[in-house]
Amino acid sequence: MKSDDLVVGDIIEVNDGDRIPGFLATVMICLTLTAKRLAKKNCLVKNLEAVQTLGSTSIICADKIGTLTQNRMTIAHMWFDNRIVEADTGEYQQNATFDKNAPGWLALARCAILCNRADFKQDPENLAQPVLQRQCYGNESEAALLKCVELSTSNVIKFREINRKVCEIPFNSTNKYQVSIHEVHTENKSEVDSHPYLLVMKGAPEQILERCSSIFIDGTDVEINDYWRNAFNQAYMELGSLGERVLGFCDLRLLSDDHPKGYQFNEEQVNFPLDNLRFLGLMSMIDPPRAAVPEARIAKCRSAGIKVIMVTGDHPITAKAISRAVGIISQDTETVEDIAQRVGVPLEEVNPRDAKACVIHGTDLKAMSSAEIDALLGNHTEIVFARTSPQQKITVVEGEHDIINRKILQSVFCLGCQRQGAIVAMIGDGVNDSPAMKKADIGIAMGSVEKDSSSSMSKIKSFD
């Protein structure tokens, strides 16, 4: 075989008449040895073809939570009664910066613990541990809420037993909210008789606010107007800019005239109100970046010609802050919003091509054509997609799969090779990432052994 018939790399060309003894066995041995080296780094290769694909990857799409961050949530701040307060995460609650008996906090804490599926593992040894060290059932966000309220009130289990859940709409990525309805038991009998049930809701703050007509301030229900919308937006942006994940909370006391005791709630028919609710406040949580994702690692990917893109369901402000922290958006790189703020001009006057980085909201992505998505992916080198649904993650992966890297294409033309598209790897850790992981050239699941929600769709599993 002539030397110029063999191209070292991802492509091996062999003439029809050539015979290489043991060639297939040699390739299999190489792939197997590589898989064994990955296993030593806590990476399980489920398909040897994935090893070859991994070496050819040109674009990485990564979810934020549990992938770029540790998925170890801790409540950091709360916004209620129109002020931001810092959460006291100390075991003995000696540094509280707010009145724990304030009506605003009591209502917010009640919603956070009732509209919550997390629970402490009920073995005596676990319950004897300090609250912050206890193991929990449920996702990390709800576990953080559970621990925060337990530290403050110390009566979560009893409170849930008294206020029994009778109906629930679980959270989903389309609606971006969770609803539950509970029996009300208080010392005020007339209150129980007139409002026997309490509806509580939590989710994406902007979605929650849209469903509310009033806000609970200093123990009083106040009609939501432009003043309160601006106050909400300022608090939301301040917390999001810290890189914290923010959740909104609201409730509604259901009248006995419409929902008497024994009323049969139906989550399928939704025979209860989901609008004209009462907004209670915000709670934000910090999720530290993984120690294994410093800026140097992202820079190493870029130097190898690999584009790293964040695709997350979080708010754009939070996504942007985290992307800068891990280096997906470089510190000296500007988005169109940054340019507009620096120059002091309206956003519409900035040419998008002048911005090396961009943060795209899922709503904007939904309105884009395939050509517009391809243009966006080609014009920007540092990209973040925020507030995306599982289906939109597939759209991003498909767009990446079709787009051609222009610099590579020029080199390919010079070498006389065929036109090539990007090889896309999707990294995620949840069921919401599974469709995109299946669509990508290679899916990589992150997480511990117990977290197998996205494992079945992945070709490589990376364990914590």
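Quick note: the working numbering has the sequence shown finishing at residue 474, numbered continuously throughout. Note that the Cβ used here is the ideal one computed from N, Cα and C, for glycine as well.
Task: Trp238 versus Glu347: straight-line alpha-carbon distance, rounded - done: As a position in the sequence shown, residue 238 is number 228, starting the count at 1. As a position in the sequence shown, residue 347 is number 337, starting the count at 1. In a straight line, the C-alpha of Trp238 is about 24 Å away from that of Glu347.
TODO: Please report the Cβ distance between Thr79 and Ile332, rounded to the nearest whole angstrom; I am assuming they are in contact, meaning their Cβ atoms lie under 8 Å.
DONE: On the sequence shown, position 69 is the one that residue 79 refers to. On the sequence shown, position 322 is the one that residue 332 refers to. With a Cβ gap of about 7 Å, Thr79 and Ile332 count as contacting.
Task: DSSP bridge partner residues for Tyr475 (one or two, in chain order) - done: This structure does not reach residue 475, given that the chain is present from 11 up to 474, and the question cannot be answered.
Open item on the list: Rounded to whole angstroms, what is the Cα-Cα separation between Ser468 and Lys157?
Closed with: Counted from its first residue, the sequence shown places residue 468 at position 458. Counted from its first residue, the sequence shown places residue 157 at position 147. The straight-line gap from Cα to Cα measures roughly 32 Å.
- [ ] Measuring alpha carbon to alpha carbon, tell me which of Ala45, Gln217 and Asp203 ends up nearest Leu64.
- [x] For this step, residue 64 is matched to residue 54 along the sequence shown. Of Ala45, Gln217 and Asp203, the residue nearest in Cα terms is Ala45.
- [ ] At 4 residues or longer, and completely inside the stretch 45 to 78: list those alpha helix (DSSP H) runs for me, N to C.
- [x] 59 to 65
Open item on the list: At the level of alpha carbons, what is the spacing between Glu222 and Cys260?
Closed with: Taking the sequence shown and counting its residues from 1, the one referred to as residue 222 is at position 212. Taking the sequence shown and counting its residues from 1, the one referred to as residue 260 is at position 250. Looking at the sequence shown, residue 222 is not Glu but Cys. Cα to Cα, the separation comes out at about 8 Å.
TODO: Classify Ser313 as buried or exposed, calling it buried when 16 or more other Cβ atoms lie within 10 Å of its own Cβ.
DONE: In the sequence shown, counting from the first residue as 1, residue 313 sits at position 303. Exposed, since its Cβ has fewer than 16 Cβ neighbours within 10 Å.
- [ ] Helix, strand or coil for Ile338, going by three-state DSSP, please let me know.
- [x] Position 328 of the sequence shown holds residue 338. Coil, per DSSP.
Task: Under the three-state DSSP convention, the category Phe242 falls into - done: Within the sequence shown, the letter at position 232 stands for residue 242. In the structure shown, the three-state DSSP call for Phe242 is helix.
Task: Pick from Ile227, Thr196, Arg288 and Tyr273 that is closest to Pro215, judged by C-alpha positions - done: Position 205 of the sequence shown, counted from the start, is the residue given in the question as residue 215. When only C-alpha atoms are compared, the closest one is Arg288.
Open item on the list: How far does the alpha helix (DSSP H) with Asp348 in it extend, from its first residue to its last?
Closed with: What you label residue 348 is simply residue 338 of the sequence shown in a count that begins at 1. That run of the alpha helix (DSSP H) goes Val346 to Val353.
- [ ] Please say whether Ile339 and Ala367 have beta carbons closer to each other than 7 Å?
- [x] By one-based count along the sequence shown, residue 367 stands at place 357. By one-based count along the sequence shown, residue 339 stands at place 329. Yes, the Cβ-Cβ distance between Ala367 and Ile339 is below 7 Å.
Open item on the list: Quick check on the burial criterion: 16 or more other C-beta atoms within 10 angstroms. Buried or exposed for Pro206?
Closed with: Here residue 206 refers to the residue found at position 196 of the sequence shown. Buried: at least 16 other Cβ atoms inside 10 Å.
Open item on the list: Out of Ala128, Gln145, Asp129 and Arg127, which one is the CA nearest neighbour of Glu135?
Closed with: Residue 135 sits at position 125 when you count from the first residue of the sequence shown. Taking only the C-alpha atoms, the option nearest Glu135 is Gln145.
- [ ] Please name the residue in Lys56, Ile470, Pro298 and Lys448 whose C-alpha comes closest to that of Thr328.
- [x] Counting from 1 along the sequence shown, the entry for residue 328 is found at position 318. Closest option to Thr328, Cα to Cα, is Pro298.
Open item on the list: Measuring only from the beta carbon, is Glu150 closer than 6 Å to any heavy atom that is part of the ligand PLP?
Closed with: Among the components modelled here there is no ligand, and therefore nothing to report on the ligand PLP.
Open item on the list: Quick check: Ile296 and Glu358, are their CB atoms within less than 7 Å of each other?
Closed with: Here residue 296 corresponds to residue number 286 of the sequence shown, with the count starting at 1. Here residue 358 corresponds to residue number 348 of the sequence shown, with the count starting at 1. Contact: no.
Task: Where Arg120 falls, given that 16 or more other Cβ within 10 Å makes a residue buried - done: Counted from its first residue, the sequence shown places residue 120 at position 110. It is buried - the Cβ of Arg120 has at least 16 other Cβ atoms within 10 Å.
- [ ] Provide the residue span of the beta strand (DSSP E) that contains Thr230, from first to last.
- [x] Here the question's residue 230 lines up with position 220 in the sequence shown. Thr230 to Glu233 is the span of the beta strand (DSSP E), which, as asked, contains Thr230.
Open item on the list: Per DSSP, what are the beta-bridge partners of Thr84 in this structure?
Closed with: By 1-based counting over the sequence shown, the position of residue 84 is 74. DSSP lists Ile296 as partners of Thr84.
Task: Buried versus exposed call for His195 [16 or more other C-beta atoms within 10 Å across all chains shown] - done: If you number the sequence shown from 1, residue 195 lands on position 185. Exposed: under 16 other Cβ atoms inside 10 Å.
TODO: Classify Asp203 as helix, strand or coil using the three-state DSSP reduction.
DONE: For this step, residue 203 is matched to residue 193 along the sequence shown. The answer is helix: DSSP assigns Asp203 an H, G or I state.
Open item on the list: Taking its Cβ as the centre, do 16 or more other Cβ atoms sit within 10 Å of Ile39, making it buried, or is it exposed?
Closed with: For this step, residue 39 is matched to residue 29 along the sequence shown. Classification for Ile39: exposed.
- [ ] Assuming Ala60 contacts Asp91 (C-beta within less than 8 Å), just tell me the rounded distance between them.
- [x] As a first step, residue 60 is located in the sequence shown; it is residue number 50 there, counting from the start. As a first step, residue 91 is located in the sequence shown; it is residue number 81 there, counting from the start. 52 Å between Cβ atoms; not a contact.
- [ ] Just the C-alpha distance for Ile179 and Arg352, rounded to the nearest angstrom, thanks.
- [x] The residue you call residue 179 lines up with position 169 of the sequence shown. The residue you call residue 352 lines up with position 342 of the sequence shown. Those two C-alpha atoms are separated by around 44 Å.
Open item on the list: By alpha-carbon positions, which one of Asp203, Leu219 and Ala241 ends up nearest to Asp267?
Closed with: On the sequence shown, position 257 is the one that residue 267 refers to. The candidate whose alpha carbon is nearest that of Asp267 is Asp203.
Open item on the list: Please classify Tyr147 as buried or exposed, where buried requires at least 16 neighbouring CB atoms within 10 angstroms.
Closed with: Taking the first residue of the sequence shown as 1, we reach residue 147 at position 137. When all chains shown are included, Tyr147 counts as exposed.
Task: Cβ-based neighbour list, Arg47, same chain, cut-off 7 Å, excluding 5 preceding and 5 following - done: Position 37 of the sequence shown, counted from the first residue, corresponds to residue 47. For Arg47, where only same-chain residues beyond five positions count, there are no Cβ hits under 7 Å.
Task: Outcome for Asn3 when other beta-carbon atoms lying within 10 angstroms are tallied against a minimum of 16 - done: Since the first residue of the chain shown is 11 and the last is 474, residue 3 is not available in this structure.
Open item on the list: Between the alpha carbons of Gly291 and Thr67, how many angstroms are there, rounded?
Closed with: For the purposes of this step, residue 291 is taken as the residue at position 281 of the sequence shown. For the purposes of this step, residue 67 is taken as the residue at position 57 of the sequence shown. Their backbone Cα atoms lie some 43 Å apart in a straight line.
- [ ] Express the C-alpha separation of Gly213 and Gln188 in angstroms, rounding to a whole number.
- [x] The residue labelled residue 188 in the question sits at position 178 within the sequence shown. The residue labelled residue 213 in the question sits at position 203 within the sequence shown. Each residue's Cα considered, the two are about 6 Å apart.
Task: Where Asn165 falls, given that 16 or more other Cβ within 10 Å makes a residue buried - done: Start at 1 with the first residue of the sequence shown, and residue 165 comes out as number 155. Exposed, since its Cβ has fewer than 16 Cβ neighbours within 10 Å.
Task: Separation of Phe169 from Leu208, as counted between CA atoms - done: Here residue 208 refers to the residue found at position 198 of the sequence shown. Here residue 169 refers to the residue found at position 159 of the sequence shown. Using only the alpha carbons, I get a separation of about 13 Å.
TODO: Please state whether DSSP places Glu150 in a helix, a strand or coil.
DONE: Against the sequence shown, residue 150 aligns to sequence position 140. In the structure shown, Glu150 sits in a helix (DSSP, three-state: H, G or I).
Open item on the list: Among Leu375, Gly388 and Glu392, whose alpha-carbon lies nearest the alpha-carbon of Thr343?
Closed with: Looking up residue 343 in the sequence shown gives position 333. The shortest Cα separation from Thr343 among Leu375, Gly388 and Glu392 belongs to Glu392.
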